[in-house]
Amino acid sequence: MKVTRFAPSPSGRLHLGHAYSAALGHELARSSGGQFLLRIEDLDLGRCRPEFVGGIIEDLDWLGLGYDGEAIVQSERTDVYAQALEALKARGLVYACFCTRAEIAQSLTAPHGDAGSQYPGTCRRLPDDPERRASTPHCWRLDSAKALAMAGLPGWTEHDGTLFASRESDFGDAILARKDAPSSYHLSCVVDDAASGVNLVVRGEDLRPSTPTQRLLQSLLGLPEPTYFHHPLITHDDGRRLAKRDLAPTLEALRNSGVDGPGLVKQLLDGRLPLGFRLSEA
Ligand code: GLU
């Protein structure tokens, strides 16, 4: 029985790519007699807006993708993430980082690995300074070298049985709690996947670089290991990513133009994309 989740951030209206991801998660859960959950990833208060939560629910309803139980709302679960962070702090696996974005950008001269802009480690070896922490904005980062020494390099299994190994360059001292938000995507994602019994993480290829760090956190926190399905992304015919600035049609616009929601889901699951779009690997 697969337990899957659709975990959008309410920072805009959903588009075709979201419909594809939700349709796959729903199908894999339902066809195995499992559960399909909805999680609202709204920790980024600067970007997320309550009206988009309503939009997500409306769009899923139109697509005919019913979810089980109540939606999990991350902004209501900050205590749980704080506990997980405390557990890592107690084991000396995180450190306070006072760097600004500009300082980090300046010190990065070489291209970096899959984890994206990797942190150069400026604050890693600073002695803990509670006074500075009390007066200066800071985030908390995972000491990935220490974490890897403790837990080893994690791997993961894709839904088709393929095994993936991680490399040290996949880890970049990820932020676990932000200056402006009580938890980061990585930490809240693994805590919630475990708390809600998700055993198959269905998400786009573009999130694959997050998986090594999330697997490491699962291992450190003693959380169960899910299987992953990193699915191809829907792009415009010319390969451009769907993004608001590219005028990707929102599901709301498709609905308003008379498209049938369940019909669209069936079409997407059959791999028949609407005109002008295609499936491609990240
Ligand atoms: N909230 C993330 C997004 O909208 C998805 C996270 C995930 O599926 O792990 O891209």
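So in this note's numbering the end of the sequence shown lands on 285, straight run, no missing numbers.
Just so you know, even glycine gets a beta-carbon here, dropped at the ideal spot from N, CA and C.
Please read all numbers here as calculations on a predicted model, not as lab measurements.
Any C-beta of chain B under 8 angstroms from that of residue i
i    : result
S110 : The chain labelled as chain B is not found in the depicted structure, where only one protein chain is given.
beta-carbon residue i near the ligand GLU non-hydrogen atom, thresh 7 angstroms
i    : result
C51  : no
C192 : yes
E61  : no
L210 : yes
P11  : yes
R206 : yes
E44  : yes
Inter-residue Cα distance where the pair is residue i and residue j
i    : j    : result
D240 : E284 : 13 angstroms
P265 : E61  : 13 angstroms
H233 : G207 : 5 angstroms
I107 : G69  : 43 angstroms
E89  : R170 : 27 angstroms
L27  : W65  : 16 angstroms
G164 : Y231 : 10 angstroms
Y84  : W143 : 12 angstroms
R136 : R16  : 37 angstroms
G20  : P277 : 12 angstroms
P130 : Y98  : 9 angstroms
G261 : E255 : 10 angstroms
L236 : L223 : 30 angstroms
Residue i - containing beta strand (DSSP E), residue span
i    : result
V138 : It is Ser, not Val, that sits at residue 138 in the sequence shown. Careful: S138 lies outside any beta strand (DSSP E), inside the alpha helix (DSSP H) at 133-138.
L156 : Per DSSP, L156 belongs to no beta strand (DSSP E) and is neither H nor E.
Q38  : 38-43
S283 : 280-283
R8   : 6-9
Outcome for residue i when other beta-carbon atoms lying within 10 angstroms are tallied against a minimum of 16
i    : result
K5   : buried
G95  : exposed
S147 : buried
P13  : buried
T7   : buried
A118 : For A118, the pLDDT reaches just 43, beneath the cut-off of 50, and the residue's location in the model is therefore unreliable, although a value from the coordinates is still provided. Buried, because 16 or more other Cβ atoms sit within 10 Å of the Cβ of A118.
P215 : buried
P140 : exposed
L272 : exposed
E44  : buried
Q221 : buried
L203 : buried
T238 : buried
S34  : exposed
Spatially closest choice to residue i from the options, by CA coordinates
i    : options                : result
T81  : C126, A197, Y70, S186  : S186
L210 : P227, D173, E228, L40  : D173
G225 : A87, R127, H162        : A87
K182 : G37, G49, Q38          : G49
F9   : A256, A152, T103, V76  : V76
S78  : V262, N202, Y188       : Y188
T160 : A154, A168, M153       : A168
G124 : L63, E134, P133, F101  : F101
L3   : G200, V201, Q217, P212 : Residue 3 falls outside the range modelled here, since the chain spans only 4 to 285, and no answer is possible.
D47  : A184, F280, P227       : A184
Opening and closing residue of the alpha helix (DSSP H) in which residue i lies
i    : result
Q86  : 81-93
S191 : 188-198
S169 : Segment: none, S169 is in no alpha helix (DSSP H) and carries neither H nor E.
Y23  : 19-34
A2   : Because the chain in this structure spans residues 4 to 285, residue 2 falls outside the shown range and cannot be described.
T216 : 214-224
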